[in-house]
Amino acid sequence: MASRWRRRRLCELRADGLSQMVALRDISGSGARLETGNPPALGSQVELIHPDAGSISGRVTELSQRDIRISFDVSERTIAFALNAIAADMTRG
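Under my numbering, the first residue of the sequence shown is numbered -3, with each subsequent residue one higher.
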């Protein structure tokens, strides 16, 4: 059985004119879970910038003490973004 991809890749999150570094905990074609100490408000439109996969827009759909979930409108582009992020992190030495 393949192990699930789990990394803490640092990415940039932009929301409401502010930028912060966040840890990417999980990603799929429909969204991502991010670790942050300063979460944007629920419902905020955000941009996630991955150092290798590029950038993608989403909306904050869940908040917890340490994590947020952002959701993407599923498309070929969001699936490609997720696969590129996973592949880039799996091939790093």
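In this text, a Cβ means the ideal position worked out from N, Cα and C, and glycines have one as well.
Fair warning: this is a prediction, and the values are worked out from it, not measured in the lab.
Among the residues of its own chain, which have a CB less than 6 Å from the CB of residue i, if the five just before and after it don't count?
i     : result
Asp22 : Arg29
Ala78 : Ile23, Ser24, Gly25
Leu14 : none
Check for me: the beta strand (DSSP E) holding residue i runs from which residue to which?
i     : result
Ala28 : 27 to 31
Leu38 : Leu38 -> no beta strand (DSSP E), and no H or E assigned at all.
Assuming residue i and residue j make a contact with CB atoms under 8 Å, what is their CB distance in whole Å?
i     : j     : result
Arg55 : Ser40 : 7 Å
Glu43 : Arg5  : Not confirmed; about 16 Å, so no contact.
Ala37 : Ala81 : That belief does not hold up - the Cβ atoms of Ala37 and Ala81 are roughly 24 Å apart, past 8 Å.
Ile66 : Cys7  : With 8 Å as the limit, Ile66 and Cys7 do not qualify as a contact, their Cβ atoms being about 11 Å apart.
Do you know whose CA, among the options, lies nearest residue i's CA?
i     : options             : result
Phe68 : Gly27, Gln16, Val18 : Gly27
Enumerate in chain order the residues of its own chain whose CB-to-CB distance from residue i is below 7 Å, with the five nearest sequence positions on each side excluded.
i     : result
Gln16 : Leu9, Thr32, Asn34
Please work out which residues of its chain come closer than 8 Å, Cβ to Cβ, to residue i, disregarding the five sequence neighbours upstream and downstream, and give them in chain order.
i     : result
Thr74 : Gly25, Ser26, Ile52, Phe68
Ala76 : none
Taking the alpha helix (DSSP H) that residue i falls in, what are its first and last residues?
i     : result
Leu79 : 72 to 86
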